[in-house]
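Participant:
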Amino acid sequence: MFTPEDALKKENTYIAGTYDVAVVGAGHAGCEAAHACARLGLDTILFTLQLDSLANLPCNPSIGGTSKGQLVREVDALGGIMGKIADKCAIQTRMLNSSKGPAVHSPRAQMDRSMYSVTMKHYLENTDNLTIKQAHITSLLTKGDKEVTGVMSSTGAIYLCKACVICSGTYMEAKTFLGEVINESGPDGLPRSVGLSASLKELGIPMLRFKTGTPVRVNKKSVDFSKMQRQDGETDIPPFSFENEMNGYTVPSEQVPCWSVWTTDETRTVISENMHRSPLYSGVIEGVGPRYCPSIEDKFMRFKDKSRHQIFVEPMGLNTNEMYLQGFSTSLPEEVQEKMVRSLPGLSEAVIQRNAYAIEYDLVDPLSLKATLESKTVTGLFTAGQINGSSGYEEAAAQGIIAGINAAMKVLGKEPVVIDRSRGYIGVLIDDLVTKGTNEPYRMMTSRAEYRLFLRQDNADQRLTPTGYKTGLISEERYEKFMSKMKDIEEETERLRKTYISPSEELKKILESIGSVCPVSGISLAELLKRPKITYDMLEPVDKDRRPLGRDVIFAVETDLKYEGYLKLEKEKIEKFKELENKELPSDIDYGAISGLRLEARQKLDRIRPENVGRASRISGVSPADIAVLLVYLEAYRKRRPKEGSET
Ligand SMILES: Cc1cc2nc3c(=O)[nH]c(=O)nc-3n(C[C@H](O)[C@H](O)[C@H](O)COP(=O)(O)OP(=O)(O)OC[C@H]3O[C@@H](n4cnc5c(N)ncnc54)[C@H](O)[C@@H]3O)c2cc1C
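Numbering (the numbering used here), first residue to last: 781 to 1428.
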C-alpha cells in the first residue's frame, strides 16, 4: 500500500490538488468517464500522457459498425458524448446490415481522425467542473484497507481524490513490434505508461497482457483507385446522437468514398516467405491478440481455405492524404510491408506514410471487477476500456460512461447503475467481462447478445434514456423531447391498431404491387403493416388521418408492429432471465460450506462472488445443477437469516 503520506516522504513531491474524481486516461473510456463525473457536478480531473492525442483513433478511423453502432447509440442514450462528437466529425456514414432484420442494423461512420480528437478536446475543455492535465500518472495512492485516496505523477505531483477511474488503454508497459524492431512505446510513437501497472499489481490486482495490431497508412496520391471497388456512403440514415436526431440534425450530404480490393497470390507469397520474421509467429510477442480482428498473416495462416481476403481502403480525414488499409494489420518488417502493400491491386506504387505494427500492453483481469466496474480489491477504484480486456473505441466508451457514473454515485453516496444483458449491449459487454472474463481482446458482436431483437440501435433511448435522466446526465429539456417522442410512438401505434379501412381499389393497388392479397373485409392499418414488404409510407394513400411524424417515430412504430410476435416471445424470455437476475446473493455467503456444490463451482463462485444467481449461472464451470443447489441453499438462508442475525 502506498499512502499520500508515504508519497510525500519522497523527494520533490507535493499536493497538487484535491478533487472528487481523478480519471487517468483521455481515450474513449476516459473522456466518457470524466464527462459523466463533471456533468454530475463533481470536481473532476482528467489526465493524459499527451494532450494532442486526446480521444486518439490509433486504429481504424471509424466509429460504429456491427454491434458497435448499437453501443454508440446506447452511450448517447445515457447522456454520453461519443455519438455527438462522431456526428460532427463524420465524413462518410452508412447503416450496416440494412438489408437484414432491424436487430442487426448498425450505424457506422468514417471519421476525420484529427478533427475527432480536436473536437472532443474542445468539448471537454468547455465542460464545467472538469480539469484536463497532461501528466504521467505512475502510482495509485490508497489508505486504510485499500481505499483509493489519490494518484501521483512522474513529476511528484500528488492529486488527492475520493474515487479514481483508470482508463489507460493500450499504454501500460506498452511495447511495439515492427518485425525485429521492438520499442518501449505507446501507440503512434506516443510515450507509454510506466509504473502504474506495478502499482496496481502491488495492491493485489490480477493483471494480464494482451496485444493488438494496426495496418499501414498510404498516401492517396500514390493509389490507383481505378483498380478498386468504390463504396459510397448513405445520407438517409439517422445520426448517432438521439439528441441530434430529435433536433432534426441530418448526416452530411457531402461524403467521401471508401474503396475495397482483394489480396492476391503475390500477397500470400510475400507473407508466407517472411513468416519466420513475424514477431507474432517467432514468439517474441507474448500478449494474446484478438481472434476477431486478426492480422493479415494470421488470416492466411488460419483460413487456409480462403484464397484471398478483402481489404478496405479508407480515408482518414478531409485535410490529409492518409488512407487506412482496414483488414491489413501486420507486425512483419518494414521492407516486407512495402512488398505486401504493393502486391495489392491499385497499390503497386503505394507510398507508405505510417508503418503497420503490433502493440503489447498490460491490463487488469476483468474478473477482479464488480458489475459496477469498481475493483473488488481497492474500494473507490474503477477501470474502463481496453484496460478491462476489451478492444474497440465503442466498447471503451460504453465502459467509460458506466465507470464514470458509478464513480460519481460512489462519491455522492447514491445507488450505482448496472445495465443488465436484457437492457443493452453495454450490459452484455460488462457482464461478459466481469462474469466470464476474457483471455483475448474482447470485441462486441451481435451474436453475443441473446436478446438482440430488443436491443436495436433505434430504440436505445427507450431502453436507457430514463436511466440517464434519473442519474442526472440527461437534461430536463432533452427528457421532455424524449417523452414526447415516446408519446408519439404510443399514440401512433394505438391509432394504427384502431384504424380500420375497408377494401378499396387504392388498397388493392398497393397490395398487388407487392404481391399481397386485398382482404374482403375491413382490416386495421396495424394488421396491414404486419404484412411483409408493407411499409408505413406505402399505406399513406389509404391512411387519411395520419399526422406528420419524425422518421425515428415511424421506424419504431413500424418495427415494433412488424416484429410484435417475436418481441412478445423475447419479452417472456427476458422475464425468466430477470427472475434469476433479481435473486441477489449475499456478499458474505460461504460457498465452501454449501454441500452439494461441486468443488469447481465453489472455487469459481468464491473467486468471482457474483451479485446475483443470474450472474452465477453464467460463470463457466458453474452448472445448472450447482444453481439448483444454490437456489435451495438461498431459500434456507433467507428463512434462517432474520432469526439468526449475522452468523451464516
Ligand atoms: C495499434 C493499435 C491497434 C488497434 N487495433 C484495434 C482493432 O483492430 N480493433 C479495435 O476494435 N480496436 C483496436 N485498437 C484498440 C482501440 O484503439 C482501443 O480499443 C481504444 O482506443 C481503447 O480506448 P481506451 O479509452 O480504453 O484507451 P486509449 O484510447 O488507448 O486511451 C488511453 C489513454 O490513457 C492515457 N494514459 C495511459 N496511461 C496513462 C498514465 N499512466 N498517465 C496518464 N495518462 C495515461 C493515454 O495518454 C490515453 O489518453 C487498437 C489500438 C492500437 C493502439
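Idealized CB from N, CA, C, for every residue including glycine.
Please read all numbers here as calculations on a predicted model, not as lab measurements.
Go through its chain and collect everything with a Cβ distance to Leu1329's Cβ below 7 Å, but skip five positions before and after it.
Facilitator: Within the sequence shown, residue 1329 is the residue found at index 549, counting from 1. Within the same chain, Leu1329 has close Cβ partners Asp1268, Glu1272.
Participant: Give the straight-line distance between the Cα atoms of Ala1416 and Tyr1249, rounded to the nearest whole angstrom.
Facilitator: The count along the sequence shown starts at 1 and reaches residue 1416 at position 636. The count along the sequence shown starts at 1 and reaches residue 1249 at position 469. Approximately 39 Å between the Cα atoms of the pair.
Participant: Just list the residues that DSSP pairs Lys991 with in beta bridges.
Facilitator: For the purposes of this step, residue 991 is identified with residue 211 of the sequence shown, where counting begins at 1. DSSP output for Lys991 lists Glu1140 as bridge partner(s).
Participant: Give me whichever residues DSSP pairs with Ser842 in a beta bridge.
Facilitator: On the sequence shown, residue 842 is found 62 positions in, with the first residue counted as 1. In the DSSP output, where bridge partners are listed per residue, Ser842 has Gln890.
Participant: Thr1428 by DSSP, collapsed to three states: which one?
Facilitator: Taking the first residue of the sequence shown as 1, we reach residue 1428 at position 648. Only weak support exists for where Thr1428 lies, its pLDDT of 41 falling under 50; the coordinates are left without a value.
Participant: In angstroms, rounded to a whole number, what distance separates the CA positions of Ala1130 and Glu1094?
Facilitator: Stepping through the sequence shown from its first residue, residue 1130 is reached at position 350. Stepping through the sequence shown from its first residue, residue 1094 is reached at position 314. Looking at the two C-alpha atoms, the distance is approximately 14 Å.
Participant: For Ile1290, collect the residues of the same chain with a Cβ closer than 6 Å to its Cβ; drop the 5 residues on either side in sequence, then sort them by chain order.
Facilitator: On the sequence shown, residue 1290 is found 510 positions in, with the first residue counted as 1. Result list for Ile1290: Met1318, in chain order.
Participant: Which word fits Asn1054, buried or exposed, when buried means at least 16 other C-beta atoms lie within 10 angstroms of its C-beta?
Facilitator: Taking the sequence shown and counting its residues from 1, the one referred to as residue 1054 is at position 274. Per the 10 Å Cβ criterion, buried.
Participant: Can you tell which of Glu1286, Glu1066, Leu1410 has its C-alpha closest to the C-alpha of Glu1364?
Facilitator: Position 584 of the sequence shown holds residue 1364. Cα-wise, what sits closest to Glu1364 is Leu1410.
Participant: So, at 6 Å on beta carbons, what are the nonlocal neighbours of Asp1211 in its own chain, with the 5 sequence-adjacent residues on each side left out?
Facilitator: To locate residue 1211, count along the sequence shown from 1; it is residue 431. Once the five neighbours on either side are set aside, the close Cβ partners of Asp1211 are Arg1201.
Participant: My assumption, with CB atoms under 8 Å, is that Gly810 sits in contact with Val801. Please give the rounded CB distance.
Facilitator: In the sequence shown, counting from the first residue as 1, residue 810 sits at position 30. In the sequence shown, counting from the first residue as 1, residue 801 sits at position 21. Contact annotation, Gly810 with Val801: C-beta distance approximately 11 Å; criterion of less than 8 Å not satisfied.
Participant: Looking at Phe827 and ligand 1, is the gap between the Cβ and the nearest heavy atom below 7 Å?
Facilitator: Sequence index remark: in the sequence shown, residue 827 carries index 47 (1-based). It does: the Cβ of Phe827 is within 7 Å (strictly closer) of some heavy atom of ligand 1.
Participant: Who pairs with Gly797 in a beta bridge, going by DSSP?
Facilitator: To locate residue 797, count along the sequence shown from 1; it is residue 17. Partner(s): Tyr939.
Participant: Between Leu1276 and Val1297, what straight-line distance do the alpha-carbon atoms span, to the nearest angstrom?
Facilitator: Locating residue 1276 in the sequence shown gives position 496, where the first residue counts as 1. Locating residue 1297 in the sequence shown gives position 517, where the first residue counts as 1. Whole-angstrom Cα-Cα distance: 19 Å.
Participant: In chain order, what residues of the same chain have a beta carbon less than 6 Å from the beta carbon of Ser1426, not counting five sequence neighbours either side?
Facilitator: Looking up residue 1426 in the sequence shown gives position 646. Residue confidence is low: Ser1426 scores 45 on pLDDT, short of 50, so the model does not pin down where it sits. Its coordinate-derived value is still stated next. Cβ within range, chain order: n/a, list empty.
Participant: Have a look at Gly1165 and Gly1180 and give me their C-alpha separation to the nearest angstrom.
Facilitator: If you number the sequence shown from 1, residue 1165 lands on position 385. If you number the sequence shown from 1, residue 1180 lands on position 400. Straight-line Cα distance between these residues: approximately 6 Å.
Participant: DSSP three-state call for Asn1168: helix, strand or coil?
Facilitator: Here residue 1168 refers to the residue found at position 388 of the sequence shown. Asn1168 falls in the helix class under three-state DSSP.
Participant: Is the closest heavy atom of ligand 1 to the C-beta of Ala866 under 7 Å?
Facilitator: Within the sequence shown, residue 866 is the residue found at index 86, counting from 1. Answer for Ala866: no, Cβ out of range of ligand 1.
Participant: Could you give the distance in angstroms between the alpha-carbon of Glu1424 and the alpha-carbon of Glu1380?
Facilitator: Taking the sequence shown and counting its residues from 1, one reaches residue 1424 at position 644. Taking the sequence shown and counting its residues from 1, one reaches residue 1380 at position 600. With a pLDDT of only 48 at Glu1424, under 50, the local geometry of the prediction cannot be trusted, and the value read off the model is given with reservation. If you take the alpha carbons of Glu1424 and Glu1380, they lie about 29 Å apart.
Participant: Any heavy atom of ligand 1 closer than 7 Å to the CB of Pro1018?
Facilitator: Numbered from its first residue, the sequence shown carries residue 1018 at position 238. Not so, every heavy atom of ligand 1 lies at least 7 Å from the Cβ.
Participant: Just tell me which of Thr929, Val1003, Gly805, Gly966 has its CA closest to the CA of Ile1429.
Facilitator: This structure gives no information on residue 1429, because the portion of the chain shown stretches from 781 to 1428.
Participant: Would you report the Cα separation of Gly949 and Glu1174, rounded to the nearest angstrom?
Facilitator: Numbered from 1 along the sequence shown, position 169 holds the residue referred to as residue 949. Numbered from 1 along the sequence shown, position 394 holds the residue referred to as residue 1174. Gly949 and Glu1174: Cα-Cα distance of roughly 13 Å.
Participant: Please classify Asn1239 as buried or exposed, where buried requires at least 16 other C-beta atoms within 10 Å of its C-beta.
Facilitator: For the purposes of this step, residue 1239 is identified with residue 459 of the sequence shown, where counting begins at 1. Around the beta carbon of Asn1239, a 10 Å sphere encloses 16 or more other beta carbons of the protein chains shown; the residue is thus reported as buried.
Participant: So what does DSSP say about Ile861, is it helix, strand or coil?
Facilitator: Here residue 861 corresponds to residue number 81 of the sequence shown, with the count starting at 1. Ile861 falls in the coil class under three-state DSSP.
Participant: Going straight from the alpha carbon of Tyr1029 to that of Arg989, what length do you get?
Facilitator: Along the sequence shown, one-based indexing puts residue 1029 at 249. Along the sequence shown, one-based indexing puts residue 989 at 209. Roughly 42 Å separates the two Cα atoms.
Participant: So the candidates are Gly859, Pro986, Asp1241; which of them puts its Cα closest to the Cα of Ser1148?
Facilitator: On the sequence shown, residue 1148 is found 368 positions in, with the first residue counted as 1. Checked all of Gly859, Pro986, Asp1241; the closest Cα to Ser1148 is Pro986.
Participant: Closest by CA to Ser1006, which one among Ile912, Arg1331, Cys1038, Arg997?
Facilitator: Start at 1 with the first residue of the sequence shown, and residue 1006 comes out as number 226. That would be Cys1038, whose Cα lies nearest to the Cα of Ser1006.
Participant: Taking 8 Å as the threshold (C-beta atoms), are Gly993 and Ala1151 in contact?
Facilitator: By 1-based counting over the sequence shown, the position of residue 1151 is 371. By 1-based counting over the sequence shown, the position of residue 993 is 213. No, these two residues do not count as a Cβ contact at 8 Å.
Participant: Going by alpha carbons, who is nearest to Ser842 out of Met895, Glu1114, Arg1382?
Facilitator: The residue you call residue 842 lines up with position 62 of the sequence shown. Checked all of Met895, Glu1114, Arg1382; the closest Cα to Ser842 is Met895.
Participant: In its own chain, which residues sit with a C-beta less than 7 Å from the C-beta of Arg888, not counting the 5 before and 5 after it?
Facilitator: Residue numbering aside, residue 888 sits at position 108 when the sequence shown is read from its first letter. Here the set comprises Ser842, Gly844, Gly845, Gly849, Arg874, Leu876.
Participant: Just verifying my parser: in three-state terms, what is the DSSP assignment at Cys811?
Facilitator: For the purposes of this step, residue 811 is taken as residue 31 along the sequence shown, with counting starting at 1. Looking at Cys811 - three-state DSSP - the assignment turns out to be helix.
Participant: Just mark Tyr1280 as buried or exposed, buried being the case when its beta carbon has 16 or more other beta carbons within 10 Å.
Facilitator: By one-based count along the sequence shown, residue 1280 stands at place 500. With fewer than 16 other Cβ atoms within 10 Å, it is exposed.
Participant: I'd like to confirm the pairing. Which residues does DSSP put opposite Arg1010 in its beta bridges?
Facilitator: Here the question's residue 1010 lines up with position 230 in the sequence shown. Per DSSP, Trp1039.
Participant: Under the rule that 16 or more other beta-carbon atoms within 10 Å means buried, what is Arg1010, buried or exposed?
Facilitator: As a first step, residue 1010 must be located in the sequence shown, where it is residue number 230. It is exposed - the Cβ of Arg1010 has fewer than 16 other Cβ atoms within 10 Å.
Participant: Around the Cβ of Thr1428, are there at least 16 other Cβ atoms within 10 angstroms (buried) or fewer (exposed)?
Facilitator: As a working mapping, residue 1428 is identified with position 648 in the sequence shown. Any reading at Thr1428 needs caution, since the residue's pLDDT is 41, under 50, leaving its predicted position unreliable; the model's value is listed next. With fewer than 16 other Cβ atoms within 10 Å, it is exposed.
Participant: Identify whether Arg874 lies in helix, strand or coil by the three-state DSSP scheme.
Facilitator: The count along the sequence shown starts at 1 and reaches residue 874 at position 94. Residue state, collapsed to three classes: strand.
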